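Notes follow the structure.
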Amino acid sequence: MNRRDFLSTVGAATVASIVPASALAQRSPAGYANLLVLVELKGGNDGLNTVVPYSDSEYYALRPRLAVPRDQVLQLDGRAGLHPSLEPLMALWTRRELAVVQSVGYPGANLSHFRSIEIWDTASNSNEYLGEGWLARTFAAAPAPRSFAADGVVVGGAEMGPFAGAGTRAIALTDTQQFLRQARLAAPAGVARNGALSHILRVEQDIVQAAANLNGNHAFATEFPRTPFGNAVRTASQVIASKAGVAAVKISLNGFDTHSNQPGTHARLLKDLAEGLAALRSALAEAGRWESTLIMTYAEFGRRPRENRSSGTDHGTASTHFLLGGRVKGGLYGPPPGLSRLDGNGNLPFAVDFRDVYATVIERWWGVESARALKGRFASLDIVRA
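Mapping of the sequence shown onto this note's numbering: position 42 corresponds to residue 985, and the numbering continues sequentially without gaps.
Here is the structure:
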């Protein structure tokens, strides 16, 4: 295998640091012993049928065919409950290891898949275009230890998303064992005088170093779901169990753009999500990482409250997201969906800026000042224990 084939298969991102080593040495280390696992719900998850406002009559009026029947809802409190397909998460709720953040969005919401996920990945304003991901800026402000195999690992795709940006040591891979086998074939090739080639060789060298540190041979007792998402969870668990050192891992579950025939599709997706997250919790506990891991879901947007004529929902605005972990302060956060206060397009108002959630990760989980990474100050949420 030549270098071009290897780099294409592995999907490595740029890794050459633009910060002088002396500057890195002068900075106090961040709390990257705490791991972040991002779970992207690609396509825009329907928050209203994920965490159901079953006590609100407006919900049933807006969704005569799609609403989850009250007697099927897994009640969290007197107003909200989980979709029945999320039953595997109820054990985490009971243990107070699941936080549910409602009404998450941002001002001037964009309903384009491409643009809205770009906003979420870069933590930009809706009318602002930024070239670096929010995690790339976080690592630029407070670098992860150089002893780590990588700043971040993307499992199951080559889109770097929040890791995108010069100077970030991020790797994309589909299968841990395949990555390790292929990385052994990419031997360092010395020093090149050409600047562009020299950069490529530095990237390659970091990939080889990461491959040498990753170990995909951990024998889990956990049974992982035999689904694409379950495979991604298994690979992510192997990366984490390798103890090679990564600050963040990203996995994805695709298919949430439910414009038609939503009930069956959404139920299956939520079942995949819940079973995968339950397996991830089990694997992290086996590896001794549950207490030091924070799992966070996100998506480009939610769905419109009113069902459409195709038994589906169209692109919307605010939605609900989950944070899970051994040090999560479980419970409901943020106000319930404002179904009686829809805007002129029939969309929900937001109450929690998604960058508040990011500030929670950066400040409360990693102990890093967040203003530089988020291009402004946002209010972190009291969701995790120190």
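No residue lacks a Cβ here, since even glycine has one placed at the ideal position from N, Cα and C.
Source: prediction; values computed, not measured.
Given S1177, which residues of its chain have a CB within under 6 Å of its CB, disregarding the five upstream and five downstream residues?
One point to set straight first is that residue 1177 is Arg, not Ser, in the sequence displayed. F1167.
In chain order, what residues of the same chain lie with their CB nearer than 8 Å to the CB of Y1276, ignoring the 5 residues before and after it?
A1042, V1043, V1044, Q1045, V1295, L1324 and I1326
8 Å CB neighbourhood of A1084 in its chain, flanking five on each side removed
V1311, E1312, R1315 and A1316
Looking at the structure shown, is I961 part of a helix, part of a strand, or coil, going by DSSP?
Unreliable positioning characterises I961 in this predicted model, as indicated by a pLDDT of 26, which lies under 50. The coordinate reading is nonetheless provided below. Coil.
A1190: which of R1224, G1319, P1088 and H1258 sits nearest, CA to CA?
P1088
Please report how far the alpha carbon of R1270 lies from the alpha carbon of R1252, in whole angstroms.
43 Å
Rounded to whole angstroms, what is the Cα-Cα separation between S960 and T1111?
In this prediction, S960 scores a pLDDT of 29, lower than 50, which makes its location untrustworthy; the coordinate-derived value is nonetheless stated afterwards. Taking the straight line from one Cα to the other gives about 7 Å.
Would you check if there are 3 or more beta carbon pairs closer than 8 Å linking the stretch 1056–1068 to the stretch 1278–1286?
no
Closer than 8 Å is the cut-off here; do at least three beta carbon pairs connect the stretch 1195–1214 with the stretch 973–993?
yes
With contact counted as at least three CB pairs below 8 Å, one residue from each stretch, are the stretch 1254–1272 and the stretch 1200–1213 in contact?
yes
Excluding sequence positions up to five away, which residues of its chain have a Cβ less than 6 Å from the Cβ of G974?
W1309 and G1310
Beta-carbon proximity list for R1013, same chain, < 6 Å, skipping 5 on both sides
Y997
In DSSP terms, what H1258 is bridged to:
R1246
Opposite E983 in the DSSP bridges: which residues?
S1195 and Y1241
Can you tell which of T993, R1169, L1019 and G1021 has its C-alpha closest to the C-alpha of A1010?
T993
Neighbourhood of V1016 by C-beta distance below 8 Å, restricted to the same chain and skipping five residues each side:
V995, Y997, G1024, L1025, H1026 and P1027
Could you tell me if A1034 is buried or exposed, where buried requires 16 or more neighbouring beta carbons within 10 angstroms of its beta carbon?
exposed
Three-state secondary structure assigned by DSSP to D1094
strand
Select from R1232, L1005 and G1095 the residue whose C-alpha is nearest the C-alpha of T1081.
G1095
Shortest alpha-carbon distance to A1302 belongs to which of K1318, G1287 and F1293?
K1318
Considering just the uninterrupted stretch of the beta strand (DSSP E) at L1275, what are its terminal residues?
G1274 to Y1276
Please state whether DSSP places F1265 in a helix, a strand or coil.
strand
What number of angstroms, rounded off, separates the C-alpha of A1226 from the C-alpha of N977?
16 Å
If we count the other Cβ atoms within 10 Å of its Cβ and call it buried at 16 or more, is T1240 buried or exposed?
buried
Identity of the residue in S1059, I1183 and L1213 nearest V980 by Cα:
I1183
Buried versus exposed, by CB contacts within 10 Å (16 or more), L1116
buried
Select from F1106, N1174 and R1249 the residue whose C-alpha is nearest the C-alpha of T1290.
The sequence given here places Asn at residue 1290; Thr does not occur at that position. It is R1249 whose Cα lies nearest to the Cα of N1290.
Does the beta-carbon of S1069 have 16 or more other beta-carbons within 10 angstroms, so that it is buried, or is it exposed?
exposed
Measuring CB to CB, does I1305 end up less than 7 Å from V982?
no
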